[in-house]
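Numbering (our numbering), first residue to last: 174 to 815.
Next comes the structure, spelled out in structure tokens:
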């Protein structure tokens, strides 16, 4: 109680209800090569569908990492994904075809943070828009802007002639090159039927996307409309906010279309639309949100960034007060087809390492299982030493090199030897696990079959074990080790081959006729004989250490006296009793008293709690002894003697 200098009542609370919290053990992590999405930024994904939407459908270059992630998501629903690109390659964001020479090689905007720090003021020479992320998928995007009522709907200067069952239209009286864009809709002929423009051949001739069917007519005055006019209720005009500020004609409509059909499966499908956004930099909607078109696009579009005001839009980016933003000055919509996006070269080991470093700090992100995709010594060693071993609260899951186990004329019959050779290139660690191969799966996105590494499944089986039992149960065997979505294995190790692999710390994955494909081992990569050479023991201690250390943080800056020590024991012992009751440990003891918190320890401002645990062991070997006896023999006479 604080000292009081005058009479009064002081009320205080002391919270002694602290418990050891439950900790999550099901989050996966992968750094991978994908076709779309933010680069070098962690994104939490919950399903394979979300993975395809956020990071693009796989192709031959990205399939291995994609399906490793997808395999894991078949068991769990929390996977942190970091996209990596070849930082030394030709990866680039798609942009307008009018790119100047200085920007034809590379325009790389990796993420929201990268844009805000380096590109939000605009990019010279790349047009008005760039694709949100690097990659060839951006080349399918087109941005169309209707900036005035005139661009929305106008009467052509001059006359056109329409011939029944013809795609060719001729004109006279003026040039149509400057009045009509590809995709514009014309109200054709006497009956005003809608036809779309395929191309403008020259000043007096154009071609339709399909035949004009109607009465042949010549010399007609024709109405032209923006191709996306029917996606909006009215033509752009003056917003309420700008009108009150004395400005006018600030509104415009913006459409993002899938020009080539790579996103939606159908060319020219509208995938985003933004109605009545403003050219005024300070414009607000009725609910007080920004309505400035640059901000709206950058905040809400999933596909493009703003890079410059379209040439010909009057006063764009100025404050609203007293400004006319150009009513009637733009008679045609702006249309930007994005091109020059590149997936780039396959990422190097160095690029993957940068990606995996995004998971190195346990205070930034909580992950339990690190997927590594295709076997690669440099990548695997880094993940083991600099992520898993450094964090000490997660497990790196590894598969052999593709050439070690996938059918190849140079390697058939050498799968075991080559897998062991690869394993021997890796360090000894109880924070790493290696399986024996690759599985053959159906790629529904490309209608073909592929071999993909099994480490996504091996990590997924640990998630399944957590969900069905507890982390300290083994993920292997016929009860919890059934691998999903397997057409066949790259190689199916026999009993003798399994013996060789297991001796080297490689966990075999085998298909048993009628019983499925099973993870048939639960070793870690720890070479030293120890309880920690088993997955279930390592994961048990990860849970214990993670949970108890989290609870112990609340002991910091308290006094190291018997009260605090008793409070710590009372905190930890019920938790360990619960784990014991759930078959995780055989026995335990917590020592936190004056024997290990000596005056010297107290004087160093330290606090010591010793926790002794007998971990439960998984059964790896079963011995069944069958003994035949004579009819008249009593079993009590021979049990234990045979």
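For each residue, glycine too, the CB sits at the ideal point set by N, CA and C.
Asked	Found
Verify whether the separation of the beta carbon atoms of residue 420 and residue 523 is less than 9 Å.	no
By DSSP, does residue 413 sit in helix, in strand, or in coil?	helix
In the DSSP output, which residue or residues are listed as bridge partners for residue 661?	613
So which of 256, 211, 591 has the shortest CA-CA distance to residue 202?	256
Can you check whether the CB of residue 496 is closer than 9 Å to the CB of residue 423?	yes
Does the separation of the CB atoms of residue 262 and residue 517 fall below 9 Å?	yes
Take residue 292 and list the residues in its own chain whose beta-carbon comes closer than 6 Å to its own, dropping the five residues that flank it on each side.	282
In whole angstroms, what is the alpha-carbon distance linking residue 670 and residue 780?	50 Å
For residue 355 and residue 368, which I take to be in contact (beta-carbon distance under 8 Å), what is that distance rounded to the nearest angstrom?	With 8 Å as the limit, residue 355 and residue 368 do not qualify as a contact, their Cβ atoms being about 13 Å apart.
What does the alpha-carbon distance come out to for the pair residue 776 and residue 577?	57 Å
Can you tell me whether DSSP reads residue 448 as helix, strand or coil?	strand
Closest by CA to residue 481, which one among 509, 753, 295?	295
May I ask which residues mark the beginning and end of the alpha helix (DSSP H) holding residue 668?	668-676
So, at 7 Å on beta carbons, what are the nonlocal neighbours of residue 643 in its own chain, with the 5 sequence-adjacent residues on each side left out?	755, 757
Can you give the Cα-Cα distance for residue 749 and residue 632, rounded to whole angstroms?	26 Å
Within the same chain, show all residues whose beta-carbon is closer than 6 Å to that of residue 690, passing over the 5 residues directly before and after it, in chain order.	656, 659, 684
Alpha carbon to alpha carbon, what distance is there between residue 440 and residue 452?	29 Å
Residues in the same chain with beta-carbon distance under 6 Å from residue 760, minus the five sequence neighbours each way, listed in chain order, please.	787
Pull up the distance between the alpha-carbon of residue 275 and that of residue 653, whole angstroms please.	Any answer about residue 275 is weak, because its pLDDT of 44 lies below 50 and its placement is not dependable; what the coordinates show is given next. Cα-Cα distance, rounded: 57 Å.
Between which two residues does the beta strand (DSSP E) harbouring residue 430 extend?	424-431
Please list the terminal residues of the continuous beta strand (DSSP E) segment that includes residue 574.	Per DSSP, residue 574 belongs to no beta strand (DSSP E) and is neither H nor E.
Just grab the DSSP bridge partners of residue 607 for me.	571, 679
When the Cα atoms are used, what is the spatial distance from residue 614 to residue 244?	10 Å
Cβ of residue 708 within 9 Å of Cβ of residue 648?	yes
Among all the DSSP beta bridges, which residues are the ones paired with residue 786?	761
Here's the rule: buried if 16 or more other CB atoms are within 10 angstroms of the residue's CB, otherwise exposed. What is residue 646?	buried
Quick one: any contact between the segment 728-748 and the segment 797-806, if contact means 3 or more CB pairs under 8 Å?	no
Look at residue 674 and residue 603 and say whether their C-beta atoms are less than 9 Å apart.	no
Where do the ends of the alpha helix (DSSP H) carrying residue 382 lie?	That residue, residue 382, is in no alpha helix (DSSP H); its beta strand (DSSP E) goes 378-385.
Would you check if the distance between the CB atom of residue 698 and the CB atom of residue 600 is smaller than 9 Å?	yes
Report the partner residues of residue 707 according to the DSSP bridge assignment.	696
Using the rule of at least 16 other Cβ atoms within 10 Å of the residue's Cβ for burial, across every protein chain shown, is residue 637 buried or exposed?	buried
Measure the Cβ-Cβ separation of residue 199 and residue 715 and say whether it is below 9 Å.	no
Exposed or buried, residue 273, counting other C-beta atoms within 10 Å across all chains shown (16 or more means buried)?	Note that residue 273 has pLDDT 45, beneath the 50 cutoff, so the model's placement of it is unreliable and no number is given.
Are the Cβ atoms of residue 225 and residue 619 separated by less than 9 Å?	no
Indicate whether the contact test is met: 3 or more Cβ pairs, each with one atom in the segment 378-390 and one in the segment 340-347, closer than 8 Å.	yes
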